[in-house]
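Encoded as structure tokens, the structure appears first; notes follow it.
In my numbering, the protein residues as written are 1 to 413.
This is the structure in structure tokens:
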């Protein structure tokens with residue numbers, strides 16, 4: 001069985017809006033044992049969308065169309081599908097009254113209450129545009145609103161159940177995920193490729209800044225394939241054991257959280273160029289106050305001196321972006337808090353502030369456990385300002401994880 005997701009909107013093609021709906025739908029379908037075969041994006045153009053739907057009808061069993069159900073001039077998905085499938089539209093007073101009851105008398109009520117005469121209607125409990133579903137020539141066609149919160153609510157409450165009822169999965173998708181921190185794709189690629197010996201097993205490598213996620217998956221009617229999947233997973237674990245972390249959503253801060261939430265240990269940070277991004281990743285997790293004391297955002301040299309007691313001599317002779325400076329920042333954190341572990345970051349995220357000796361992307365990072373030597377070093381990263389900041393924070397978290405989980409250092413190898 002093949003599933004196609006069609007997302008509609010000029011804003012998606014122009015890059016003004018990120019296609020969150022396609023990502024969400026693919027992930028949610030996979031959890032429900034459905035693999036997405038195609039994802040297509042079309043403009044708010046009648047002819048182009050009609051072509052796209054015709055193509056989908058030729059190659060897919062389930063077609064999910066998102067966007068174009070609203071009241072604006074470029075929202076014409078209903079009309080396009082109505083013309084293509086020859087299913088007339090009809091005004092429904094009961095739907096109009098329900099919208100008016102929830103949102104008041106709005107100008108678009110008549111448009112939103114105009115629905116297909118046949119098929120299923122999904123109530124929009126978050127917004128105003130209903131969703132729809134049909135069985136057409138033995139295939140499912142589902143129309144959902146483009147607003148992510150509306151789509152998510154409607155898909156989980158109605159559309160997914162419709163798919164499961166009419167097209168139950170013939171095979172189960174078995175998948176294991178291995179999260180690897182700090183190692184780039186190039187360092188693990190050869191080992192992973194050597195494990196790809198069975199055509200029925202799919203191994204995917206998905207790199208990000210500071211992490212690599214490896215997925216091992218297969219479709220099967222029974223659990224016999226699990227033995228093969230687990231063999232590959234165990235081999236990866238053996239090859240990269242000290243760099244592997246467990247986190248349901250792939251975020252390493254969750255792995256750190258799971259360790260520290262059950263320990264009587266604390267962490268604290270001193271951030272300069274990351275400006276609080278590192279600490280925000282920790283505080284996004286409920287319960288982090290049990291182990292996270294805080295972060296000193298000492299962006300200026302004056303604050304580095306007055307708050308963290310970084311010496312004037314160090315700043316003048318070595319500079320704020322130096323090993324000596326971040327070591328003194330670590331010492332300052334330990335003096336000001338009772339943290340068990342501390343991280344200090346200072347660097348040049350760009351676009352300005354660089355010199356020949358310290359170009360954009362020069363980052364000094366230090367991590368230490370109270371009483372141990374400070375592990376410090378220099379990173380050389382490339383990319384935009386936001387990329388460098390995100391990458392730095394991720395490397396810092398990876399280093400912290402390896403320190404608290406395995407008592408391993410990043411720089412002093």
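Using N, Cα and C, we set each Cβ at its ideal position, and we do this for glycine too.
What is the DSSP secondary structure of residue i, counted as helix, strand or coil?
i	result
residue 179	strand
residue 194	helix
residue 235	helix
residue 18	coil
residue 285	coil
residue 115	strand
residue 127	coil
residue 103	helix
residue 411	coil
residue 211	strand
residue 171	coil
residue 308	coil
residue 144	strand
residue 4	strand
residue 137	coil
residue 90	strand
residue 221	coil
residue 346	strand
residue 240	coil
Whose C-beta lies closer than 8 angstroms to the C-beta of residue i among residues of the same chain, with five residues either side of it excluded?
i	result
residue 221	170, 171 and 172
residue 275	297, 299 and 389
residue 228	198, 200, 201 and 218
residue 85	134, 136 and 141
residue 1	34, 61, 62, 167, 169 and 170
residue 314	322, 324, 325 and 328
Short of 7 angstroms in beta carbon distance, which residues of its chain neighbour residue i, apart from the five on each side in sequence? Order them along the chain.
i	result
residue 91	110, 113 and 114
residue 165	none
residue 261	287, 290 and 291
residue 327	366, 374 and 376
residue 7	19, 21, 22, 41, 66 and 67
Looking at the unbroken beta strand (DSSP E) that takes in residue i, where does it start and where does it end?
i	result
residue 355	Run containing residue 355: none; DSSP gives neither H nor E here.
residue 379	375 to 380
residue 337	Counting along the chain, residue 337 falls outside any beta strand (DSSP E), and DSSP gives it neither H nor E.
residue 42	36 to 42
residue 204	202 to 208
residue 250	Neither: residue 250 is in no beta strand (DSSP E) and is coded neither H nor E.
residue 164	Per DSSP, residue 164 belongs to no beta strand (DSSP E); it is in the alpha helix (DSSP H), 160 to 166.
residue 271	267 to 271
residue 365	362 to 369
residue 67	Element bounds for residue 67: n/a, residue is neither H nor E.
residue 295	292 to 297
Identify the continuous alpha helix (DSSP H) that holds residue i and give its terminal residues.
i	result
residue 120	First-last for residue 120: 120 to 122, but that is the beta strand (DSSP E), not the alpha helix (DSSP H).
residue 404	385 to 406
residue 54	46 to 59
residue 81	77 to 85
Would you mind giving the Cβ-Cβ distance between residue i and residue j, rounded to the nearest angstrom? I have them listed as a contact below 8 angstroms.
i	j	result
residue 444	residue 321	Outside the modelled stretch of the chain, which goes from 1 to 413, sits residue 444, for which no answer is possible.
residue 122	residue 159	6 angstroms
residue 383	residue 391	7 angstroms
residue 28	residue 146	Wrong, their Cβ atoms sit about 16 angstroms apart, outside the cutoff.
residue 64	residue 144	7 angstroms
residue 119	residue 132	6 angstroms
residue 304	residue 393	Going by Cβ atoms, the distance from residue 304 to residue 393 rounds to 19 angstroms, so no, they are not a contact pair.
Going along the chain, which residues of its own chain have a beta-carbon closer than 6 angstroms to the beta-carbon of residue i, five neighbours each way excluded?
i	result
residue 385	349 and 350
residue 240	180
residue 279	269 and 295
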